[in-house]
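The block underneath contains the structure these notes are about, expressed in structure tokens.
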Amino acid sequence: MRRITCLMVTGLIACQVGSVLAAELAVQSRVIRIKAGDDRQHAPVLTAVSWHPNGRWLALAGDDHKVRVWDLVEKRVIHEFKGHRNWVSSLAFSEDGHLLVSGGHDRRVIVWDVNSAEMLSDWNDLAAAVAAVKFSHQGDRIAVVGFTDRVNVYDATTWKLEQSLVSPCQDTRCVAFSPDDRWLAVGGRNGRIRIWDLVQGQEMRTLPAHRRRIRDIAFDRRGQHLLTASEDRTIRAWDIYSGSSLFSLNAKGGLIYSMAALPNSRLAAACSDNKIRIWDLVDQEMVTTLDGHTGSVASLDVNHTWLVSGSYDTTARLWNLAELENQIAHQRSQKEDISELQSLENVTQSTSIDR
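Right, dumping it as structure tokens:
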């Protein structure tokens with residue numbers, strides 16, 4: 000009997016049944032490429048993406064130090080924020096959509112008013128390149144991590160530093176708030192997950208999660224489990240309380256840089272081999288890969304209609320979720336038809352031998 004382990008990931012049930020099926024589907028994408036500026040010879044690399052809550056605006060950033068907001072309906076840039084002096088590595092909208100925070104290799108974290116395009120706050124006290132920024136679910140705090148042993152939490156109203164947590168890892172790449180905003184989880188170069196209780200201001204747990212750098216981290220909806228994505232080519236699920244590993248997904252071909260939970264128990268992973276891998280978390284099957292990028296895929300974000308991917312190939316691509324589901328359903332139907340034909344063939348052969 001096979002052991003089945005279940006996990007709710009952002010409200011979706013994921014069960015380990017031990018089988019992996021790889022199948023490539025030709026899902027088409029819409030391409031966004033920002034024109035090169037007068038001071039540049041090539042279009043900017045787009046390695047940070049974030050959806051606005053209205054589902055229409057998309058924030059894009061990368062190596063040209065600018066943050067742009069793209070309007071999907073008008074198909075143009077409606078805001079261009081200038082303030083960073085180096086690569087912009089991370090973006091995040093507040094839950095109400097009024098604020099956009101950006102972090103960069105210039106050690107700066109800038110908070111922008113989305114409607115007025117005004118710079119509201121500018122922090123540079125992390126003393127190292129910023130790798131990730133994240134709003135709390137209530138929108139009252141902003142967590143910042145980077146190439147330092149500090150994990151900083153700021154008040155999103157007063158813009159003051161609220162907490163500065165100490166981690167032994169000098170290269171922290173990802174950060175996530177629990178659904179109730181009480182816990183903060185980070186991951187980085189040493190492959191360990193660290194979880195803090197922000198109310199107590201104390202480290203709650205450390206988990207040796209991966210053999211290589213952790214690049215993305217997320218809580219489930221209940222705040223009981225974590226998903227981590229790593230450069231060791233795996234995504235793993237963890238029970239926060241027991242510290243036990245629930246299951247592991249293997250990307251095999253590429254390092255994993257980012258992940259996104261999709262509807263219908265799907266999980267997307269951005270990989271270094273230019274592909275986006277899609278898993279069905281119920282069956283633990285890799286159901287497809289999304290192809291089109293010609294450079295490593297650095298970041299992902301999802302809304303109700305689109306999965307967006309940012310890449311080192313200087314493009315962002317939009318993948319329609321309904322089209323993706325239709326093609327996965329079609330592929331599965333074809334697989335079932337083939338299985339039925341094989342069963343009929345086996346029965347026919349058996350009958351022939353009996354005669």
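In terms of numbering that gives the first Met the number 0, the sequence shown has 236 at position 237, counting the first letter as 1, and numbering is strictly consecutive. Virtual Cβ for every residue (Gly too), placed ideally from N, Cα, C. Computed from a prediction, not measured in an experiment: that's the story for all the values here.
Can you tell me where the beta strand (DSSP E) with residue i in it begins and where it stops?
i	result
residue 214	213-218
residue 237	233-238
residue 355	The question about residue 355 has no answer here: the residues shown for the chain are numbered 0 through 354.
residue 288	284-289
residue 61	56-61
residue 210	Segment: none, residue 210 is in no beta strand (DSSP E) and carries neither H nor E.
residue 259	255-261
residue 249	244-249
residue 227	224-229
residue 270	265-270
residue 45	45-50
residue 29	28-31
If you reduce the DSSP assignment to three classes, tell me which class residue i lands in.
i	result
residue 94	coil
residue 23	Since pLDDT at residue 23 reaches only 42, below the 50 mark, its modelled position is unreliable, and the value read off the structure follows with that caveat. Here residue 23 sits in coil by DSSP.
residue 146	coil
residue 322	helix
residue 78	strand
residue 331	helix
residue 161	strand
residue 64	coil
residue 88	strand
residue 135	coil
residue 294	coil
residue 153	strand
residue 174	strand
residue 307	strand
residue 196	strand
residue 125	coil
residue 187	strand
residue 179	coil
residue 201	strand
residue 70	strand
residue 113	coil
residue 300	strand
residue 1	Low confidence applies to residue 1: its pLDDT is 33, below 50, so where it sits in the model is not reliable enough to give any reading.
Hey, would you say residue i sits closer than 9 Å to residue j, going by beta carbons?
i	j	result
residue 181	residue 197	yes
residue 183	residue 132	no
residue 262	residue 303	yes
residue 241	residue 48	no
residue 152	residue 162	yes
residue 110	residue 120	yes
residue 101	residue 78	no
residue 300	residue 268	no
residue 234	residue 278	yes
residue 191	residue 205	yes
residue 118	residue 80	yes
residue 108	residue 68	no
residue 139	residue 116	no
residue 332	residue 295	no
residue 147	residue 125	yes
residue 227	residue 186	yes
residue 71	residue 318	no
residue 33	residue 76	yes
Can you tell me which of the options puts its alpha carbon nearest to the alpha carbon of residue i?
i	options	result
residue 236	188, 327, 218 and 147	218
residue 214	230, 207 and 208	230
residue 173	301, 284, 141 and 203	141
residue 135	179, 125, 116 and 122	179
residue 35	57, 244 and 64	64
residue 95	200, 329, 283 and 51	51
residue 232	245, 256, 243 and 226	256
residue 251	130, 260 and 275	275
residue 280	118, 300 and 245	245
residue 371	329, 310, 75 and 247	Residue 371 cannot be examined here, being either before or after the span of the chain that is shown, 0 to 354.
residue 211	170, 147 and 58	170
residue 58	175, 216 and 112	112
residue 207	243, 54, 325 and 327	243
residue 283	264, 305 and 293	264
residue 56	97, 46, 62 and 81	97
residue 166	193, 254, 177 and 305	193
residue 105	114, 76 and 61	61
Of all the CB atoms in chain B, is at least one closer than 9 Å to the CB of residue i?
i	result
residue 334	Protein chains in the displayed structure number just one, and chain B is not present.
Do the stretch 82-93 and the stretch 320-336 touch if we need at least three Cβ pairs shorter than 8 Å?
no
Any contact of the stretch 24-35 with the stretch 283-294, i.e. 3+ C-beta pairs under 8 Å?
yes
Does the structure place the stretch 37-47 close enough to the stretch 308-325 that three or more beta carbon pairs sit under 8 Å?
yes
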